[in-house]
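Number of protein chains: 2
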Amino acid sequence: MLSIRPAIAADVPSLKEFIDRMAAFERLPVTITADDLLLDGFGDRPQFAVFVAECDGVLAGYALYHASYSSFQGRAIFLEDLFVSPSFRGRRVARALLAAVAAVATQQACFGIVLNVLGWNDRGLEFFTKAGATVLEGWKTLTITGDALHSASAGR
Amino acid sequence: MLSIRPAIAADVPSLKEFIDRMAAFERLPVTITADDLLLDGFGDRPQFAVFVAECDGVLAGYALYHASYSSFQGRAIFLEDLFVSPSFRGRRVARALLAAVAAVATQQACFGIVLNVLGWNDRGLEFFTKAGATVLEGWKTLTITGDALHSASAGR
Numbered sequence: 028m029l030s031i032r033p034a035i036a037a038d039v040p041s042l043k044e045f046i047d048r049m050a051a052f053e054r055l056p057v058t059i060t061a062d063d064l065l066l067d068g069f070g071d072r073p074q075f076a077v078f079v080a081e082c083d084g085v086l087a088g089y090a091l092y093h094a095s096y097s098s099f100q101g102r103a104i105f106l107e108d109l110f111v112s113p114s115f116r117g118r119r120v121a122r123a124l125l126a127a128v129a130a131v132a133t134q135q136a137c138f139g140i141v142l143n144v145l146g147w148n149d150r151g152l153e154f155f156t157k158a159g160a161t162v163l164e165g166w167k168t169l170t171i172t173g174d175a176l177h178s179a180s181a182g183r
Numbered sequence: 028m029l030s031i032r033p034a035i036a037a038d039v040p041s042l043k044e045f046i047d048r049m050a051a052f053e054r055l056p057v058t059i060t061a062d063d064l065l066l067d068g069f070g071d072r073p074q075f076a077v078f079v080a081e082c083d084g085v086l087a088g089y090a091l092y093h094a095s096y097s098s099f100q101g102r103a104i105f106l107e108d109l110f111v112s113p114s115f116r117g118r119r120v121a122r123a124l125l126a127a128v129a130a131v132a133t134q135q136a137c138f139g140i141v142l143n144v145l146g147w148n149d150r151g152l153e154f155f156t157k158a159g160a161t162v163l164e165g166w167k168t169l170t171i172t173g174d175a176l177h178s179a180s181a182g183r
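Taken in order, these protein sequences are the chains called A and B.
In case it helps, the working numbering puts the first sequence at residues 28 to 183.
In case it helps, the working numbering puts the second sequence at residues 28 to 183.
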């Protein structure tokens with residue numbers, strides 16, 4: 028049986044494993060630690076929230092999201108990750124996780140969910156477009172990190 | 028003289044005007060109202076924060092940002108808008124606004140600033156890459172809104 032529930036602090040070790048697997052799939056490095064996740068997600072001032080999916084009591088996947096804001100449209104939810112363990116695919120786990128996040132978005136009077144998907148992730152793109160997502164064309168995502176961030180803060 | 032300060036509730040009418048001009052430049056619709064901005068930015072639970080730039084006491088531009096979170100890298104600032112009124116360009120206003128946001132990012136132990144820029148916005152891309160930004164290649168941004176959001180929340 029499939030159930031969806033908010034993650035609790037005791038889920039952090041499993042969540043970190045899932046995140047590592049998500050990052051391996053996306054071929055991206057992970058610098059976050061389990062302690063970061065515990066502090067930032069389950070401390071006094073949560074920076075994100077997580078739903079986990081359980082199939083017959085076994086963790087099958089997660090959705091990690093946080094508040095976002097569009098100056099043109101208002102409140103939104105940013106869906107950072109939606110991951111289902113390969114052995115649990117085909118059981119509508121992803122759809123159930125997305126439903127939980129979408130319910131939060133509607134409860135919080137958000138105009139919608141925003142997310143990024145890698146262009147080569149055909150399965151991901153297919154899942155979200157089947158769920159009614161619109162691909163925004165023409166945007167580039169930029170980051171300012173490390174030395175560039177420190178230079179920018181000094182106004183250089 | 029150029030100065031940067033956090034926006035206050037009394038700036039909302041000017042902020043809304045700036046947002047409308049930013050949206051006109053980006054050729055995107057605006058559904059947000061001044062009341063939304065007042066409630067969401069200057070109420071009990073702010074969803075975003077704004078710096079405004081003043082040149083000799085006249086508002087010259089704004090930067091609107093909010094917290095973000097990467098499950099791989101941790102805390103971040105999402106820079107939603109950075110806008111300088113055309114008549115104030117060439118005075119390093121944008122750089123000063125970016126410095127203020129970058130200072131918040133370093134104070135809050137963020138790994139960086141994340142932002143989206145329209146691909147045809149050569150001036151914007153040039154400004155941010157000169158400021159040390161990296162363009163992330165290969166990502167698509169998706170949104171789930173309106174009827175799709177309601178269907179998704181029902182698990183359809």
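Note that CB positions come from ideal geometry on N, CA and C, so glycine has one too.
Remember, it's a predicted structure, so these values are computed and weren't measured experimentally.
Examine chain B for any beta-carbon lying closer than 8 Å to the beta-carbon of Ser-16 of chain A, and answer yes or no.
Past the edges of chain A, shown from 28 to 183, lies residue 16 of chain A, and the structure says nothing about it.
Where does Ile-35 of chain A land, buried or exposed, given buried means 16+ other C-beta within 10 angstroms?
So Ile-35 of chain A counts as exposed.
Do Gly-146 of chain A and Lys-167 of chain B come within 8 Å of each other at the CB atom, strictly closer than that value?
The answer is yes: Cβ separation under 8 Å.
By the 7 Å beta-carbon criterion, what residues does the segment 63 to 88 of chain A contribute toward chain B?
Within the segment 63 to 88 of chain A, the qualifying residues are Asp-63, Asp-67, Gln-74 and Phe-75.
Measure the beta-carbon distance from Gly-101 of chain A to Phe-138 of chain A and round it to whole angstroms, keeping in mind my assumption that it falls under 8 Å.
Confirmed, about 6 Å.
Contact set between the segment 37 to 57 of chain B and chain A, restricted to residues whose Cβ is under 8 Å from the partner
Listed in sequence order: Ile-46, Met-49, Ala-50, Leu-55, Pro-56 and Val-57.
Which residues in the same chain have their Cβ closer than 8 Å to the Cβ of Leu-124 of chain A, if we skip the five residues on either side of it in sequence?
Taken in chain order, the residues that qualify are Ile-31, Phe-78, Ala-80, Gly-88, Tyr-89, Ala-90, Leu-109 and Val-111.
Following the continuous alpha helix (DSSP H) through Ala-34 of chain A, name the residue where it begins and the one where it ends.
Counting along the chain, Ala-34 of chain A falls outside any alpha helix (DSSP H), and DSSP gives it neither H nor E.
Bridge partner(s) assigned by DSSP for Arg-102 of chain B
As computed with DSSP, Arg-102 of chain B is found in a beta bridge with B:Tyr-96.
Is there at least one Cβ from chain A nearer than 8 Å to Asp-149 of chain B's Cβ?
Not closer than 8 Å to any Cβ of chain A, the Cβ of Asp-149 of chain B fails to qualify, so no.
Tell me which residues share the same chain as Ala-136 of chain A and place their Cβ nearer than 7 Å to its Cβ, disregarding the 5 neighbours each side in the sequence.
Once the five neighbours on either side are set aside, the close Cβ partners of Ala-136 of chain A are Arg-102.
Element boundaries [alpha helix (DSSP H), containing Phe-155 of chain A]
Where Phe-155 of chain A is concerned, the enclosing alpha helix (DSSP H) stretches over 149 to 157.
Would you mind stating whether Ala-175 of chain A and Phe-99 of chain B have Cβ atoms separated by less than 8 Å?
Not in contact: Ala-175 of chain A and Phe-99 of chain B (Cβ atoms no closer than 8 Å).
Whose C-alpha, out of B:Ala-181, B:Glu-107 and B:Thr-58, is nearest the C-alpha of Gly-159 of chain A?
Looking at B:Ala-181, B:Glu-107 and B:Thr-58, the one whose alpha-carbon comes closest to that of Gly-159 of chain A is B:Ala-181.
Minimum C-alpha distance to Ala-121 of chain B - residue among B:Asp-38, B:Leu-86, B:Leu-169 and B:Phe-75
Ranking B:Asp-38, B:Leu-86, B:Leu-169 and B:Phe-75 by Cα distance to Ala-121 of chain B puts B:Leu-86 first.
Cβ neighbour criterion (16 or more within 10 Å) applied to Phe-52 of chain B
The residue is exposed, with fewer than 16 neighbouring Cβ atoms inside 10 Å.
Opening and closing residue of the beta strand (DSSP E) in which Thr-161 of chain A lies:
Membership of Thr-161 of chain A in the beta strand (DSSP E) is indicated by the continuous run 161 to 163.
CB contact flag (Val-144 of chain B, Ile-104 of chain B, <8 Å):
Not closer than 8 Å, so no.
Per DSSP, what kind of secondary structure is Ser-30 of chain A in: helix, strand or coil?
Three-state result, Ser-30 of chain A: strand.
Contact set for Val-57 of chain B: own chain, Cβ-Cβ below 8 Å, skip 5 residues either direction:
These residues qualify, in order along the chain: Ile-46, Asp-47 and Ala-50.
In the DSSP assignment, the beta strand (DSSP E) including Gly-139 of chain B goes from what residue to what residue?
That run of the beta strand (DSSP E) goes 139 to 145.
Listing by chain order, which chain A residues have their CB less than 9 Å from the CB of Val-120 of chain B?
Result: empty, since nearest Cβ-Cβ is about 11 Å, beyond 9 Å.
Flag this pair as yes or no: are the beta carbons of Thr-133 of chain B and His-177 of chain A separated by less than 8 Å?
Yes, they are a contact pair.
Beta-carbon contacts of Ala-61 of chain B that lie in its chain and below 7 Å, excluding the five residues immediately before and after:
Sequence-distant Cβ neighbours of Ala-61 of chain B in its own chain, meaning closer than 7 Å and more than five residues away, are Val-39, Pro-40 and Lys-43.
Range of the contiguous beta strand (DSSP E) that encloses Val-233 of chain B
With chain B covering only 28 through 183, there is no way to say anything about residue 233 of chain B.
Do you know how far the Cα of Leu-163 of chain B is from the Cα of Arg-183 of chain A?
Roughly 22 Å between the two C-alpha positions.
Apply the 10 Å Cβ neighbour rule to Leu-64 of chain A and answer buried if 16 or more other Cβ atoms are within range, or exposed otherwise.
Buried.
Quick one: what does DSSP say Gly-88 of chain B is sitting in, helix, strand or coil?
Under the three-state reduction of DSSP output, Gly-88 of chain B falls in the strand class.
Between B:Phe-75, B:Leu-29, B:Gln-74 and B:Arg-116, which lies nearest to Gly-151 of chain B when the distance is taken from Cα to Cα?
Checked all of B:Phe-75, B:Leu-29, B:Gln-74 and B:Arg-116; the closest Cα to Gly-151 of chain B is B:Arg-116.
Under a CB-based cut-off of 8 Å, is Ile-171 of chain B close to chain A?
Interface residue, yes.
Can you list the residues of chain A that Leu-125 of chain B reaches, using a CB-CB cut of under 9 Å?
Per Cβ cutoff of 9 Å: Ile-171, Ala-179, Ser-180 and Gly-182.
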